[in-house]
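Residues in the sequence shown are numbered from 88 upward in steps of one, following our numbering.
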Amino acid sequence: MGARYEHFDQQVDDFTTNATSGQRHDAFTQRAGLLYQLTPQVGLFANASTSFKPNNGLDAAGKTFDPEEGIGYEAGIKSELFDNRLSTTLAAFHIEKENVLALDPGTDTNRAVGKARSQGFDMQFTGQITDAVRIIGAFAYIDAEVTKGDRTIPAGSRILGVAKHSGSLLSVYEFQEGVLRGSDVGAAYTYVGDRSGQSGTDFELPAYQTVDLLAHYKASENVTVGLNLNNIFDEKYYERSYSNYWVAPGEPRNFTVSLTLGL
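See below:
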């Protein structure tokens, strides 16, 4: 269990209108958690928390925003199986927030959505299949929508940029013998479902999937050279947006080289 006191003092100067606005807020946020070990390998957990976050900027009328506040609940199960070679976590969550900022398509400025809710579940696993092969995976289902809105962003609107379905899988092979001992090669797959591209409208960003390749060469105990080939199939996709005319494309096929030195 825990509690936190937060205070912020905000002042915004608008030089286009020579106007100044500000606000002060104090808040206590709380967190509580519980873990129950069913067996040495399997445990149940639950937690609840409140949140508080100042909102930056001004609305169309030049006024500051009230802070974003929320409450969240999570419960799930964790396991360590097969001599700790397989770790899994499955959790369900429910989060409610108010004063969440969203772009107003009519004014190109932010506005505070009355209330929003997100709920769903996520699953994560890490497996050491053999001494040489390990995998890491994740999947999430998120149902996120406005629960109290207005005419511009009505209740039932999807939350901007949140995919209902997403997942990833990484597999790595590490060489155990010979001159490549300690080096590795791997591949990663990422899937992101369709997302709302503009608050309060039916404009959506389509789903996309990418594949990356990676390799690390352990030249010595203290030197490792890495190579990442990202989006190898050159998938054309949109990463995020604020409106139907402000859309950010995802990165095309590219590569990065890294050098890691241990001291």
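Where is the CB? At the ideal position from N, CA and C, for every residue including glycine.
Once DSSP output is grouped into helix, strand and coil, what is the label at residue i?
i	result
Leu350	coil
Val312	strand
Gly265	helix
Leu292	strand
Phe212	strand
Ile240	coil
Gly157	strand
Ser253	strand
Ser108	strand
Gly337	coil
Ile223	strand
Gln98	strand
In whole angstroms, give me the CA-to-CA distance for residue i and residue j.
i	j	result
Val310	Ser283	44 Å
Leu300	Val344	12 Å
Lys124	Val99	In the sequence as presented, Lys is not what sits at residue 124; that position holds Gln. One C-alpha to the other measures close to 50 Å.
Thr151	Lys202	18 Å
Gly144	Gln263	54 Å
Tyr228	Ser205	10 Å
Thr175	Glu161	16 Å
Ser286	Asn315	35 Å
Val266	Ala189	54 Å
Leu348	Asp195	47 Å
Asp281	Ser136	29 Å
Asn197	Val233	15 Å
Phe226	Thr103	46 Å
List the residues that DSSP assigns as beta-bridge partners of residue i.
i	result
Ile353	The structure shown has nothing for residue 353, since the chain only spans 88 to 350.
Ile246	Beta-bridge pairing links Ile246 to no other residue.
Ala274	Ser258 and Leu300
Since residue i and residue j should fall inside the 8 Å C-beta cutoff, what is the C-beta to C-beta distance between them, to a whole number of angstroms?
i	j	result
Val259	Asp271	5 Å
Gly157	His181	Going by Cβ atoms, the distance from Gly157 to His181 rounds to 11 Å, so no, they are not a contact pair.
Lys165	Phe132	6 Å
Lys305	Gly269	4 Å
Ala106	Gly149	6 Å
Glu167	Gln128	5 Å
Ala147	Asn134	Rounded, the Cβ-Cβ distance is 38 Å, inconsistent with contact.
Val334	Phe320	No, Val334 and Phe320 are not in contact; Cβ-Cβ is about 21 Å, not under 8 Å.
Does the distance between the C-beta of residue i and the nearest non-hydrogen atom of the ligand FAD fall short of 6 Å?
i	result
Asp195	In the structure shown, the ligand FAD is absent, as is every other ligand, since no ligand is present at all.
Handout entry: Any 3 or more C-beta pairs closer than 8 Å across the segment 317 to 336 and the segment 288 to 297
Key = yes
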